[in-house]
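See below for the structure under consideration.
Chains as they are written, first to last, in the working numbering: chain Z, 270 to 476; chain R, 270 to 476.
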């Protein structure tokens, strides 16, 4: 994976990929930068620059080969290497994330959910089982999983985070709107939905 | 709002803000860039650069004034100008977003949810009412709201999007993993959770 790609470039590539996937399903062989540009309202020069950056060249008047471009993006962004993760918290957000179709398509496999609520434990959502949080250490070890997606309420986030660390989790994708304290060898990625919205407002001057 | 700030800068500023809010609640008066840097695992030079960019200067050995810095970030990122929005789809994701505490703190006010499911219509989640989607035009007009957060299933996303446009919605924050087709005057912001995860994997070389 090219870690030199910026987050914005990665975001655009995943959007191009969404188009390529849909075109591929419809057996459309070629796509021009103009079509991508118009569908996503991204400047055409930017589209061409992004694709040139990943060594894809379009043919004049024909455009890019859909299947090839789709494959290249899969390689560049490492979609084919499936990463297994647990969702911690089987509330609305955890349940929503466990059923988010795009995760699966882009190589993120939610293996199971964990909660402390007896009404939820043992049930299945989106074909994934909800386990008692106290089983995490054992299941993480058996399934060799070290990525957790944290969706608990804010007030218990740090406590649950400490427990995840104890269970051998090394990477935490944190949706709780708080700053987590972890040892140096455990990496936290704070999801920032509101940051995304603020950017939306800034770009289009939404008042 | 400074539209010149990059998405990554905005993301970092919202994270600084989260710390400042917590420190402010605990009546801590000052914070150093070293403390912020260590809590967020962001390079200290980057923290200082970001804060200098928004014209905040720390005092040697004392750091930044928490209340002042908090106010400056609120101004720069326009948190104080409340933006009202509707959530379309009262499923797990819509319900989760309608209760996301950080939205409210950062000036995004979810006014109501809309759905087509009779079992949901009329109910209340997170103190917000769920209306029949066919009431949207009327309610959007009365409440003067033109922002919608789209959380419907993929297969109906375009159809619902067309209806939102018909109802006068001008800004759509799209959580459905598909590309929406809208008129030129309606702006779509595609939320890209998987892009964020891919970036996480890239930065820490998660296999």
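From the three backbone atoms N, C-alpha and C, an ideal C-beta is built for every residue, glycine too.
Source: prediction; values computed, not measured.
So residue i is in the alpha helix (DSSP H); what residue range does that whole segment cover?
{"i": "residue 372 of chain R", "result": "370 to 374"}
{"i": "residue 438 of chain R", "result": "Counting along the chain, residue 438 of chain R falls outside any alpha helix (DSSP H), and DSSP gives it neither H nor E."}
{"i": "residue 390 of chain R", "result": "From DSSP, residue 390 of chain R is part of no alpha helix (DSSP H); its letter is neither H nor E."}
{"i": "residue 410 of chain Z", "result": "405 to 412"}
Considering only DSSP beta bridges, list what residue i is partnered with.
{"i": "residue 471 of chain Z", "result": "According to DSSP, residue 471 of chain Z bridges with nothing at all."}
{"i": "residue 355 of chain Z", "result": "Z:381, Z:417"}
{"i": "residue 334 of chain R", "result": "R:299"}
So residue i and residue j are supposed to be a Cβ contact under 8 Å. How far apart are they, rounded?
{"i": "residue 409 of chain Z", "j": "residue 419 of chain Z", "result": "That pair is no contact at about 14 Å."}
{"i": "residue 343 of chain R", "j": "residue 465 of chain Z", "result": "Contact flag wrong, Cβ pair sits at about 18 Å."}
{"i": "residue 293 of chain Z", "j": "residue 316 of chain Z", "result": "Incorrect: roughly 18 Å between the Cβ atoms, too far for contact."}
{"i": "residue 385 of chain Z", "j": "residue 367 of chain Z", "result": "That belief does not hold up - the Cβ atoms of residue 385 of chain Z and residue 367 of chain Z are roughly 17 Å apart, past 8 Å."}
{"i": "residue 423 of chain Z", "j": "residue 439 of chain Z", "result": "At roughly 23 Å, the Cβ-Cβ gap does not stay under 8 Å, so residue 423 of chain Z and residue 439 of chain Z are not in contact."}
{"i": "residue 299 of chain Z", "j": "residue 331 of chain Z", "result": "5 Å"}
Using the three-state DSSP reduction, which class does residue i fall into: helix, strand or coil?
{"i": "residue 419 of chain R", "result": "strand"}
{"i": "residue 381 of chain Z", "result": "strand"}
{"i": "residue 324 of chain R", "result": "coil"}
{"i": "residue 450 of chain R", "result": "coil"}
{"i": "residue 476 of chain Z", "result": "coil"}
{"i": "residue 477 of chain Z", "result": "The requested residue 477 of chain Z is not part of the displayed model; chain Z covers only 270 to 476."}
{"i": "residue 398 of chain Z", "result": "strand"}
{"i": "residue 456 of chain Z", "result": "strand"}
{"i": "residue 313 of chain R", "result": "helix"}
{"i": "residue 349 of chain R", "result": "coil"}
{"i": "residue 344 of chain Z", "result": "helix"}
{"i": "residue 360 of chain R", "result": "coil"}
{"i": "residue 273 of chain R", "result": "coil"}
{"i": "residue 386 of chain Z", "result": "coil"}
{"i": "residue 329 of chain Z", "result": "coil"}
{"i": "residue 461 of chain R", "result": "coil"}
Does the Cβ of residue i have 16 or more other Cβ atoms within 10 Å, making it buried, or fewer, making it exposed?
{"i": "residue 391 of chain R", "result": "exposed"}
{"i": "residue 393 of chain Z", "result": "exposed"}
{"i": "residue 312 of chain Z", "result": "exposed"}
{"i": "residue 463 of chain R", "result": "buried"}
{"i": "residue 319 of chain Z", "result": "buried"}
{"i": "residue 452 of chain Z", "result": "exposed"}
{"i": "residue 276 of chain Z", "result": "buried"}
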